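Residue numbers (full-length UniProt numbering): 1 to 172.
Cβ atoms here follow ideal geometry from the backbone N, Cα and C, with glycine treated the same way.
Keep in mind the model is a prediction, meaning the values are calculated, not measured.
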């Protein structure tokens, strides 16, 4: 029994945890943040993190495609991206796009989360960049929250490595 005094169970039809009295149980909001220095200029870092079709280059996903381009910028607000790892894709939509500094996205389908919002921020740090990724969500399946910190750490580090590689080649 939890602190609220109700036994929660997973309903396969409603896909929501509910207490024995039928009232939906609200799961905890998980928040994760990764921030790191990138030895590349902010424009190069922004080019990497805002290229949705190129995400397979720096994330664990095997394939990334843009299902629907944003307007007026094709990678901007309204963009729907599909990210393939195993099975059905993870589909996300860009909800805020402020080049060359920030983008926010929400989950449409493909992961056992709800209230899922991600944010990527690119800030100048001298001649280099501070790249920050934040993720918040509620789980649908207990224990699935442990994938959040792994995913954003791998994604942030992958984006940083690719941006540094591109910056190095541009300097020659």
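- Message: Could you check whether residue 108 and residue 134 sit closer than 9 Å to each other, using their CB atoms as the reference points?
- Response: Contact check for residue 134 against residue 108 fails: the beta carbons are separated by 9 Å or more.
- Item | Anticipated Cβ contact below 8 Å, residue 90 with residue 110, distance rounded | Taking C-beta atoms under 8 Å as the contact rule, residue 90 and residue 110 qualify, at a distance of about 4 Å.
- Message: Along the chain, where does the beta strand (DSSP E) containing residue 108 start, and where does it finish?
- Response: Run containing residue 108: 102 to 109, per the beta strand (DSSP E) assignment.
- Message: Whether or not the segment 111 to 121 and the segment 68 to 85 are in contact is what I'm after, with contact meaning three or more pairs of Cβ atoms, one per stretch, closer than 8 Å; do they touch?
- Response: They do not touch, by the three-pair rule.
- Query: Bridge partners of residue 61, per DSSP?
  - Reply: In the DSSP output, where bridge partners are listed per residue, residue 61 has none listed.
- Using DSSP with H/G/I as helix, E/B as strand and the rest coil, what is residue 71? DSSP, read as helix, strand or coil, puts residue 71 in coil.
- Query: According to the neighbour-count rule (16 or more other Cβ atoms, all chains shown, within 10 Å of its Cβ), is residue 127 buried or exposed?
  - Reply: An exposed status is given to residue 127, since fewer than 16 other beta-carbon atoms sit within 10 Å of its beta-carbon.
- Query: How big is the Cα-Cα spacing for residue 178 and residue 142?
  - Reply: In the structure as shown, the chain starts at 1 and stops at 172, and residue 178 therefore has no counterpart that could be examined.
- Quick one: measure Cβ to Cβ for residue 101 and residue 129, integer angstroms, because I've assumed they're closer than 8 Å. Not a contact, Cβ separation roughly 11 Å.
- Message: Once the 5 residues before and after residue 48 are set aside, which same chain residues still bring their CB inside 6 Å of it?
- Response: Cβ within range, chain order: 159, 162, 163.
- What are the boundary residues of the beta strand (DSSP E) that includes residue 83? Here the beta strand (DSSP E) through residue 83 covers 80 to 84.
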